[in-house]
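Number of protein chains: 2
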Amino acid sequence: MEHEDAAKRLAELGNVTRLAIFRYLVTVGPEGAPVGEVQKALNIPGSTLSHHIARLIGVGLIRQIRDSRTLYCIPQYEALNELIEFLMSECCTQSRCNSATK
Amino acid sequence: MEHEDAAKRLAELGNVTRLAIFRYLVTVGPEGAPVGEVQKALNIPGSTLSHHIARLIGVGLIRQIRDSRTLYCIPQYEALNELIEFLMSECCTQSRCNSATK
DNA sequence: ACTATACTTCTATTATTCTAGAAATATAGT
DNA sequence: ACTATATTTCTAGAATAATAGAAGTATAGT
């Protein structure tokens, strides 16, 4: 993945509220959860939650599908994996690495 | 690692300039590199660089050791590992996981 | 058409971050 | 003491982000 895209994803996860939202979705599993469920679980005002969800969608970390009035937020595990791989791939290309030995 | 500390580290890495600094240090290896070398390599004004380095230090992603007039910036691989583990540990505690299968 | 539910978009306020020049500090050599 | 090098801290302007109430939109049931 590209440096700038990685930075964007990291920045979005670098906010406690958004990280909590993403974490919640990831722990819930691949079916995701309705916005309202996230709202109740984390106790965030609707407009604030919507704003943060839009940002997470903006960098591909989640997506939404509608089921009648309910919007499900689906965590994009692949996006998280790409990010993790990016962080790990940076490691010590010019040197031996004490990280890989872990 | 704690949710809030993880968010802080993610936020610091979520800035293209800081991510470039950290990436540079990580690729250079465990000896790290002098501030001036980073400055030349990435072409960042001194004061701006200093500011970003201070923030990376603030969340434990790098540390500095002085060798006479030269300050070496040392990437903290362990901090990065903690962060990566945090991101992976969040995965699907309530469900099967399509990430683990990767 | 009317009402309820589920959410988003608009709006504005407050707070934080980014950037970089200028001034200051730390160390070393002469 | 003086000068050079290496880097930080001070300062301030411009940009971006966080928060949440109020108003709007989408879907569904009556």
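Protein chains in written order, with our numbering: chain A, 1 to 102; chain B, 1001 to 1102.
Beta carbons: idealized from backbone N, C-alpha and C, even for Gly.
Quick caveat, the model's predicted, so the values are computed rather than measured.
DSSP places Gln1039 (chain B) within a helical segment (H, G or I) once states are collapsed to three. When the Cα atoms are used, Arg66 (chain A) and Glu37 (chain A) turn out to be separated by approximately 14 angstroms. Pairing Arg1063 (chain B) with Tyr1024 (chain B), the inter-Cα distance amounts to about 14 angstroms.
The shortest C-alpha to C-alpha distance from Cys91 (chain A) to any of B:Asp1005, B:Ile1021, B:Gly1029 is the one to B:Gly1029. Secondary structure at Leu19 (chain A): helix, using DSSP grouped into helix, strand and coil. Taking a beta-carbon distance threshold of 8 angstroms, Asn1015 (chain B) counts as an interface residue toward chain A. The C-alpha of Thr1070 (chain B) is placed about 54 angstroms away from the C-alpha of Pro34 (chain A). Sequence-ordered contacts of the stretch 1026-1041 of chain B with chain A read Val1026, Thr1027, Val1028, Gly1029, Pro1030, Glu1031 [C-beta pairs closer than 9 angstroms]. In the three-state DSSP reduction, Leu49 (chain A) falls in the helix class (H, G or I).
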